[in-house]
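For reference, the structure discussed in these notes is given below.
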Amino acid sequence: MSTRTFDEIQADVDHALSFNDAESLMNLAAELDTLDTPQAEALANNSRGCAYYFRSNYSAALSHFQRAMALYEELGDRKGIASVTVNIGNVHWSTSDYPMALSHYHSALALREELGDRNSVASVMAKIGTVHWSKGDYSEALSHHQRALALHEELGDRKGVAIVKLKIGNVHIRTGDTTAALENFQHSLRLYEEIGDRASVALVTGNIGNVHIGTGDYAAALSHYERALILHEEHGDRSHAANVLGNIGVVHNRTGDYPTALSHLHRALELHEELGERSGAARVTGNIGNVYYHTSDYPAALSHLHRALVICEEIGDRGQAAVTTGNIGNVHFDTGDYP
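Here it is, written out as structure tokens:
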């Protein structure tokens with residue numbers, strides 16, 4: 008039996024959530040179990056769901072979130088319902104079900120606006136922007152991110168500002184504005200380092216590596232990716248580790264080390280597929296196709312690129328679909344297969 012009150016434990020849950028601390032969340036959930044109240048049971052399930060989500064175990068996360076939702080609905084706890092609705096949206100975004108992610112985020116946004124929770128409104132607004140980014144709708148993504156940023160700045164929420172600056176940098180990467188991307192990433196990194204959020208420091212470090220790939224500074228890109236990978240692996244963050252492994256593969260492809268490129272890309276693909284991350288799987292499959300293109304293995308290149316295109320079309324990722332279609336065109340051009 009815990010000697011602490013529900014409110015005391017809840018404060019620690021909030022702190023653990025702010026640092027993506029899965030281990031602490033599992034321990035706090037066990038402590039909440041000893042209180043044996045519906046409110047504590049709901050928070051315990053939500054905490055376990057977040058812990059599993061941070062560890063990229065999306066099916067277990069969803070199961071706990073659904074249990075938490077049922078309990079919050081019984082309690083009539085609208086704040087709890089809003090929180091879990093966002094978390095379910097996160098799972099759907101991570102598994103590339105963008106319509107379901109948007110549906111949950113918009114439901115949560117309406118609830119949080121009714122509750123007058125402006126900080127949470129800003130947070131959900133940024134998440135909606137991220138879904139649009141994932142779909143390749145960059146102007147819509149930037150619009151949501153800028154509205155979220157204005158709210159976080161108005162509220163003096165440094166962590167919120169760091170999160171949104173990172174997201175805005177990601178949009179600029181996709182639209183080719185590497186200068187704006189780097190400025191936003193460096194601002195985000197400074198804030199995360201001041202806050203002491205090592206998991207997010209790892210994320211931004213990897214994204215700075217993306218900028219260096221865009222400018223052709225492959226040594227700097229590799230240095231940032233390797234630092235990010237160590238941090239992600241320390242935190243047990245398999246999803247972001249997969250992203251970084253894929254990016255390391257891209258660097259080796261660009262520098263002509265094709266065996267090393269394929270080794271990293273296949274490790275990344277295996278992780279994305281294990282985690283059910285279809286967007287990541289599509290991106291890496293396309294990049295494997297690009298390696299085969301550079302080694303003039305055109306049948307293998309086309310096979311992988313077509314597989315990647317099918318996934319992009321299924322999940323509605325228009326940006327990546329356009330890139331993949333262009334790469335398929337490159338293969339046909341090089342083989343003299345003109346329309």
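Numbered as in the working numbering, the sequence shown ends at 346 without a single skipped number.
The C-beta atom is built at its ideal place from N, Cα and C for all residues, glycine as well.
Keep in mind the model is a prediction, meaning the values are calculated, not measured.
With distances taken between CB atoms, is the gap from residue i to residue j smaller than 9 Å?
i	j	result
L158	R119	no
G243	A29	yes
A289	A249	no
K142	S25	no
L35	E48	no
A309	G323	Going by the sequence as given, residue 309 is Leu instead of Ala. The answer is no: Cβ separation not under 9 Å.
L282	R325	no
L156	I135	no
A268	H239	no
Y225	T262	yes
S207	N27	yes
S63	E284	yes
H279	G253	yes
S31	D19	yes
H99	M107	yes
G221	A188	yes
V168	Y145	no
S130	I170	yes
S303	D344	no
I need the DSSP call for residue i, collapsed to helix, strand or coil.
i	result
E190	helix
R11	coil
L210	helix
T292	helix
T185	helix
T342	coil
D19	helix
D40	helix
E284	coil
T262	coil
K142	coil
N64	coil
S90	helix
T102	coil
G123	coil
F26	coil
G221	helix
G56	helix
G163	coil
H360	A query on residue 360 cannot be resolved here, the shown segment of the chain reaching from 8 to 346 and no further.
T302	coil
G83	coil
H242	coil
G323	coil
G203	coil
Tell me, to the nearest whole angstrom, how far the beta carbon of residue i is from that of residue j; I am working on the premise that it is less than 8 Å.
i	j	result
A328	E320	6 Å
T102	Y65	6 Å
H311	Y265	Going by Cβ atoms, the distance from H311 to Y265 rounds to 14 Å, so no, they are not a contact pair.
L116	M132	7 Å
Y79	V91	6 Å
Y305	V338	5 Å
V138	I180	Rounded, the Cβ-Cβ distance is 17 Å, inconsistent with contact.
G293	N334	7 Å
Q17	L50	6 Å
F13	L42	6 Å
Flag residue i as yes if its beta-carbon sits less than 9 Å from any beta-carbon of chain C, otherwise no.
i	result
A155	The structure shown has no chain C; it contains just one protein chain.
Note to self: Three or more C-beta pairs under 8 Å: does that hold for the stretch 54 to 69 against the stretch 83 to 99?
What the structure shows: Three or more Cβ pairs closer than 8 Å define a contact, and the stretch 54 to 69 meets that threshold against the stretch 83 to 99.
Item checked: the stretch 143 to 155 touching the stretch 164 to 179, judged by at least three CB pairs closer than 8 Å -> Yes: at least three Cβ pairs fall under 8 Å.
Item checked: Any 3 or more C-beta pairs closer than 8 Å across the stretch 270 to 285 and the stretch 222 to 241 -> Between the stretch 270 to 285 and the stretch 222 to 241 there are fewer than three inter-stretch CB-CB distances shorter than 8 Å, so the stretches are not counted as touching.
Note to self: Between the stretch 211 to 219 and the stretch 189 to 198, can you find at least three pairs of beta-carbon atoms closer than 8 Å?
What the structure shows: Yes, they touch.
Check: Three or more C-beta pairs closer than 8 Å, one from the stretch 74 to 85 and one from the stretch 125 to 139: is that the case here?
Finding: No contact exists between the stretch 74 to 85 and the stretch 125 to 139.
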